[in-house]
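Just remember that our numbering sits 11 ahead of the position in the sequence shown, which is counted from 1. In this text, a Cβ means the ideal position worked out from N, Cα and C, and glycines have one as well. Quick caveat: nothing in here was measured; it's all calculated off a predicted structure. Notes to accompany the following structure.
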Amino acid sequence: MYSFLLPTPEHVCSILASLLRNLRGQQRTRLLNKFTENDSEKVDRLMELHFKYLDAMQVADKKIEGEKHDMVRRGEIIDSDIEDEFYLRRLDAGLFVLQHICYIMAEICNANVPQIRQRVHQILNMRGSSIKIVRHIIKEYAENIGDGRSPEFRESEQKRILGLLDNF
């Protein structure tokens, strides 16, 4: 009856990313400790979502690449407006959530809690995935961050996000 009130994974990931970006001190520690409770079940769920959205993105990317190939074959020019359109379609297909998930993964792996980092790496390895994929997604996220109003904010946020990759 009130299913519209239940949080979606998209909503939860957005909130978690914001909390990890903004919390400091004891509040941040409490949030990070949630990822170690019950044998790291929240890390497991995060990784489950990662693979779900990664699969969705691979399908969307394949479709978009096919469309690009068809356009080139027809002699059409793929300009920046068309590239932007494709990027927006990728965001709608799940890239937005996947970027938040990868950002959360990077934040929690940089939190100096070995249990979290080990669990993330263990699950990536078990599923035959790679840190390179996560790094690529975070780099793409950093490249496209910002609202266009403040180049200083954009630059500092990009530097901060890319800095997370150093210890990932």
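Check: With C-beta atoms as the reference, is A117 less than 8 Å away from F164?
Finding: no
Next item on the list: Could you say which of L135, N33 and K45 lies nearest to V124 if we only look at CA atoms?
Entry: K45
Margin query: Extract the residue ranges of the beta strand (DSSP E) inside the segment 22-48, only unbroken runs of 3 or more that lie entirely within it.
Written below: none
Check: Which same chain residues, not among the five before or five after L57, have their C-beta less than 7 Å away from its C-beta?
Finding: I112, I115 and M116
Notebook entry, point to check: For L34 versus L42, is the C-beta distance shorter than 8 Å?
Noted result: yes
Item checked: Separation of V23 from Q169, as counted between CA atoms -> 23 Å
Checklist line | Bounding residues of the alpha helix (DSSP H) (the contiguous stretch that carries V124) | finding: Segment: none, V124 is in no alpha helix (DSSP H) and carries neither H nor E.
Next item on the list: Note down the Cα distance separating L51 from I127, rounded to an integer number of angstroms.
Entry: Per the sequence shown, residue 51 should be read as Ser rather than Leu. Those two C-alpha atoms are separated by around 7 Å.
Notebook entry, point to check: Would DSSP call P18 helix, strand or coil?
Noted result: coil
Check: Under a three-way DSSP split, which group does I88 fall into?
Finding: coil
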